[in-house]
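Inspection log for the structure reproduced underneath, given as structure tokens.
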Amino acid sequence: MSKIVVSTSSFGFDHNPAIQQLRAQGFTITGNPYQRKLTEDEIIGLLGNDTVALLAGVEPLTERVLASASALRVIARCGTGMDSVDLAAAQRRNIRVSNTPEAPAQAVAELTLGLMLDCLRQINHTDRSVRQGEWPRSQGRLLAARTVGIIGLGHIGRRVAALCQAFGAKVIAHDPYLQQAPSGIELVSLADLLEQADLITLHLPYSPSVHHLISADAIARMKPGTILINAARGGLVDEAALCAALDSGYIEAAALDSFEQEPYQGPLCKCNQAILTSHIGSLARETRQRMELEAAENLRKGLIEAGLINA
Numbered sequence: 614m615s616k617i618v619v620s621t622s623s624f625g626f627d628h629n630p631a632i633q634q635l636r637a638q639g640f641t642i643t644g645n646p647y648q649r650k651l652t653e654d655e656i657i658g659l660l661g662n663d664t665v666a667l668l669a670g671v672e673p674l675t676e677r678v679l680a681s682a683s684a685l686r687v688i689a690r691c692g693t694g695m696d697s698v699d700l701a702a703a704q705r706r707n708i709r710v711s712n713t714p715e716a717p718a719q720a721v722a723e724l725t726l727g728l729m730l731d732c733l734r735q736i737n738h739t740d741r742s743v744r745q746g747e748w749p750r751s752q753g754r755l756l757a758a759r760t761v762g763i764i765g766l767g768h769i770g771r772r773v774a775a776l777c778q779a780f781g782a783k784v785i786a787h788d789p790y791l792q793q794a795p796s797g798i799e800l801v802s803l804a805d806l807l808e809q810a811d812l813i814t815l816h817l818p819y820s821p822s823v824h825h826l827i828s829a830d831a832i833a834r835m836k837p838g839t840i841l842i843n844a845a846r847g848g849l850v851d852e853a854a855l856c857a858a859l860d861s862g863y864i865e866a867a868a869l870d871s872f873e874q875e876p877y878q879g880p881l882c883k884c885n886q887a888i889l890t891s892h893i894g895s896l897a898r899e900t901r902q903r904m905e906l907e908a909a910e911n912l913r914k915g916l917i918e919a920g921l922i923n924a
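Residues 614 to 924, numbered by the working numbering, are exactly what the sequence shown covers, in order.
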């Protein structure tokens, strides 16, 4: 009997038609016993040599992992990012890989907006102060009065742009893959965006070519008092450089939902002007359900294309 692994930290097995169909066709379906992001060794152990399909989370699907899973033919990512998958290694082994790029877009965009407003109006900082017996009356800032710079204008970036425009903000963007931007958005170079934006938000996939895109040098090009948001991927931001810029006051505030090492326990935890969330961008109930349904259906289609089940 063939095995399917679902490695996401949580998954709604009982209300997923594609999963039920696969069970009825004789597949054994195994979940993630750790209920967290798996390490390389843990996913190797879970896959073994009898897993034909993986409904994947964000665990590292490296050359070593794929080489060990000799029966693997299908990977269906429950999410948008593909940086955790060695796509070249998958292609060499004729493993079909898919993702769900549209499903989490609205949830990540809405979290991004929430992080922006929190930074601008100091909501989280004020809450902590009140709980400590203080009554701060510090003035915040309006999103409507800011120039928002969006790096990466794909599924999520476009939604963030629309939300910011609804608040009355000016939006500029940098995306080297676009020739024309949606109405009301000015496409600029990365250097111009860093220099012009009051608030910068990242919405691009991670790759080695953009490692530490937001470096100490990039931060130095920003306006004093800039706000930085990263609800995309860890590795895009040099976290040590950001921490130094926050401590010095050069960067007014930052909010991060993804980190190079997760769970995150680094120096930003001690920065009062940093808002840190635990990679929750897509964790809205409606979004999560849609992602799981789409990923499971992608997995079923992959098995059909691989000739492992009939349509």
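Cβ atoms here follow ideal geometry from the backbone N, Cα and C, with glycine treated the same way.
Everything numeric in this text was worked out from a predicted model, so none of it was measured.
The beta-carbon distance between glycine 915 and alanine 716, rounded to whole angstroms, is 17 angstroms. This is too long to meet the 8 angstroms contact definition. Between alanine 669 and serine 620 a beta carbon distance of about 6 angstroms is seen, short of the 8 angstroms cut, so the two are scored as contacting. One alpha carbon belongs to threonine 664, the other to isoleucine 769, and they sit about 32 angstroms apart. Contact between serine 871 and glycine 847 holds, since their C-beta atoms are separated by about 4 angstroms, short of 8 angstroms.
Judged by DSSP secondary structure, glycine 639 falls outside any beta strand (DSSP E); it is assigned neither H nor E.
In the three-state DSSP reduction, valine 671 falls in the coil class, being neither helix nor strand. Between the alpha carbons of serine 697 and tyrosine 863 lies a distance of about 33 angstroms. Leaving aside the five residues that flank asparagine 843 on each side, the residues in its chain whose CB is nearer than 8 angstroms to its CB run, in chain order, Thr814, Leu815, Ile827, Leu849, Val850, Ala867, Ala868, Leu869, Asp870, Ser871. With a 10 Å radius around the Cβ and a threshold of 16 neighbouring Cβ atoms, lysine 883 comes out exposed.
Leaving aside the five residues that flank leucine 726 on each side, the residues in its chain whose CB is nearer than 6 angstroms to its CB run, in chain order, Leu776. Remark: three or more beta-carbon pairs, one from each stretch, lie closer than 8 angstroms, so the stretch 889-907 and the stretch 718-734 are flagged as touching.
Of the residues Trp748, Asn923, Met904, Ala919, the one whose Cα lies closest to the Cα of asparagine 629 is Met904. Going by beta carbons, lysine 836 and alanine 854 fall outside the 9 angstroms limit. Residue pairing for alanine 868: DSSP places it in a beta bridge opposite Ile842, Ile888. Sorting Ile632, Gly639, Val618, Phe640 by C-alpha distance to the C-alpha of isoleucine 657 places Val618 at the top. The C-alpha of isoleucine 840 lies about 19 angstroms from the C-alpha of serine 891.
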